[in-house]
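I have placed the structure first, in the form of structure tokens, so that the comments after it can refer back to it.
In the numbering used here, the protein residues as written are 26 to 253.
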């Protein structure tokens, strides 16, 4: 199998030397050299590497214009950025410039080598775990803001009825269908029908998920007194 041709970009000369040594120690990579950001464009055009490892430090905005130019000049080269955790809030901007993956700078050297190899051989798209968690919670919060009721809004856009809200609050108190039926003086099959409707409207697969979702979105805060 051919070696992966790697070019390293970093403003820190010691980092360039260290990264070069890490990737040159095995038989997987052919390290083409380490260069500063100013020289990277020229060298990349000449060498056309398989992958560019971009070490981002300091103000991330300083890298964006040149990163975009680099991708234009070397469209077939993968660009993988080494980033600090504090850069995660700006990674959307970095990814928009054509970056093919981001790896935390503190990653163990063996994991770094394996990650870059997987990105090249298997097309794996890599992101720091802290960034992925941030994006997941950001999406949850956005969803919650859009769906937070007060008016009974739900995932599907359908509104829970008064009876369904009563049953949802009783579900949140961990009452069984039988207990709910007894409390509301209705039949157990009727409760099951309401529960199925609640799960469908909330877009949840089971009672536990529905209860957790309801607390997160504010559908359930304080117990609601049930009425016939």
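Every residue gets a Cβ at the ideal spot worked out from N, C-alpha and C, and that includes glycine. The model shown is predicted, which means the values in this text are computed figures rather than measured ones.
With 16 as the cutoff for other CB atoms within 10 Å, does residue i come out buried or exposed?
i: residue 28; result: exposed
i: residue 217; result: exposed
i: residue 141; result: buried
i: residue 129; result: buried
i: residue 69; result: buried
i: residue 41; result: buried
i: residue 304; result: Missing from the structure shown is residue 304; the chain here goes from 26 to 253 and no further.
i: residue 196; result: buried
i: residue 235; result: buried
i: residue 291; result: Lying outside 26 to 253, the shown extent of the chain, residue 291 is not represented and no answer is given.
i: residue 228; result: exposed
i: residue 202; result: buried
i: residue 207; result: exposed
i: residue 237; result: exposed
i: residue 45; result: buried
i: residue 126; result: buried
i: residue 242; result: buried
i: residue 233; result: exposed
i: residue 92; result: buried
i: residue 101; result: exposed
Look up residue i in the DSSP assignment and give the residues it is bridged to.
i: residue 104; result: 77
i: residue 126; result: 105
Measure how close the beta-carbons of residue i and residue j come, nearest whole angstrom, since I'm counting them as under 8 angstroms.
i: residue 191; j: residue 222; result: Their Cβ separation, rounded to whole angstroms, is 13 angstroms, which puts residue 191 and residue 222 out of contact at 8 angstroms.
i: residue 103; j: residue 144; result: 6 angstroms
i: residue 47; j: residue 138; result: 6 angstroms
i: residue 34; j: residue 80; result: 6 angstroms
i: residue 31; j: residue 55; result: 7 angstroms
According to DSSP, is residue i part of a helix, a strand, or is it coil?
i: residue 131; result: coil
i: residue 31; result: strand
i: residue 140; result: helix
i: residue 6; result: Summary: the structure shown does not reach residue 6, with the chain confined to residues 26 through 253, and so no result is reported for it.
i: residue 99; result: coil
i: residue 185; result: coil
i: residue 246; result: coil
i: residue 26; result: coil
i: residue 117; result: helix
(request) Entirely within the segment 36-93 and at least 3 residues each: give me those beta strand (DSSP E) ranges in chain order. (result) DSSP runs (the beta strand (DSSP E)) wholly in the segment 36-93: 54-60, 76-80.
(message) In chain order, what are the residue ranges of uninterrupted alpha helix (DSSP H) at least 4 long that sit wholly in the segment 190-243?
(response) Considered as a whole, the segment 190-243 harbours 202-209, 213-227, 232-242 as its complete alpha helix (DSSP H) runs of no fewer than 4 residues, in chain order.
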